[in-house]
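As C-alpha cells, the structure follows; a few thoughts come after it.
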C-alpha cells in the first residue's frame, strides 16, 4: 500500500465523481489519503469527508494565501476546533512569497500563531513554503525546535535546503511535479534525499504528473509518482512504497493496516 499524504478531495473539482476518485485510488493501492485543510471552512469539509469514507484522514490549517483574512476570532475558532475534533496534523500552514495577497510580515505572524496551536496540542505540522525557505526554516526552529514534528510539503528547494531540513529532524514530501520535463533538478533532489526522511503526495487536484499535464490530479496518480521516483533511485517500487508508507503512518499517527 501507499499513502497520499497531501490532497484536497473536498475541493469542487471532485464534486462530479469524488467517490469514483477515492475508489480508483484504493484499487491501485493508495489505501490512505490525508485531506489537508486550508481555512476553517475547508477544515470542516476535510473532517466531514473523513467520516464518510474509510481510509481518509484530515488536517486543520490556514493557508498562507488566506493569512490576510485571519483575525483573533479565526485563530480561536481553529484552536477550539482542533481541541474538539483532533485532526491528524496542523496544516497546511506556512509562507508563500511567490503568490499571496498577504505581506510577508502578516504571513509570518499567522504562521507563528498556527505553529503554537500545533505545539499546544502536540500535533505535527504540514508546511507550505514557496520562495521563502530561510524565513520558514527560521520560524520552525525558533518556535518549535526539537519539540516540533513537521514536513515541508511539495518540496521545491535544492539539496542544501533539504539537508538542513532533514538535519533538524523535519521531513520533505515530494509530489508529481518531479515528473515535469523542466524538473530535472528537483528530481535529482528527490533521488538523493534519505529514503526514510521523505513522504509522497499528489496535492490533488493540482500538479498532475507530466503524462496528464493540464488535467486534474488525483490520488491514484501517486502510483505513477512512486514508479518514476523508484526508477530514478534504482530501487524497487515496493521498497519505496513500504518505506514512505511506514514514515507517513508514524508521522500522522495513522492506524497500522
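Numbering (my numbering), first residue to last: 12 to 268. Heads up, the beta-carbon is just placed ideally off N, CA and C, and yes, glycines get one too.
If you ignore the 5 residues before and after residue 79, its C-beta comes within less than 6 Å of the C-beta of 112, 113 and 117, all in its own chain and listed in chain order.
Contact annotation, residue 254 with residue 206: C-beta distance approximately 5 Å; criterion of less than 8 Å satisfied. For residue 46, the uninterrupted beta strand (DSSP E) run begins and ends at 41-47, by DSSP. As a beta-bridge residue in DSSP terms, residue 18 pairs with 46 and 215. Linking residue 26 to residue 60 through their CA atoms gives a straight-line distance of about 12 Å.
Taking the Cα of residue 248 as reference, the smallest distance to any Cα among 234, 261 and 259 is reached at 234. Per DSSP, residue 89 lies in no beta strand (DSSP E); the unbroken alpha helix (DSSP H) holding it starts and ends at 83-96. Taking the Cβ atoms as the reference, residue 71 lies roughly 12 Å from residue 86, outside the contact range of under 8 Å. By the neighbour-count criterion, in which a residue is buried when 16 or more other Cβ atoms sit within 10 angstroms of its Cβ, residue 124 is buried.
Within the same chain, 101, 102, 129 and 161 come within 6 Å of residue 136 by CB-CB distance, once the 5 residues on both sides are set aside. Per DSSP, residue 141 is one residue of the beta strand (DSSP E) stretching across 136-141.
In its chain, beyond the 5 residues on either side, 20 have a beta carbon closer than 7 Å to the beta carbon of residue 29.
In the same chain as residue 88, and ignoring 5 residues on each side of it, the C-beta atoms closer than 7 Å to its own belong to 51, in chain order. Counting every other CB atom within 10 Å of its CB across the protein chains shown gives residue 157 a total below 16, marking it as exposed. Just measuring C-alpha positions, the residue of 104, 110 and 170 sitting nearest residue 120 is 104.
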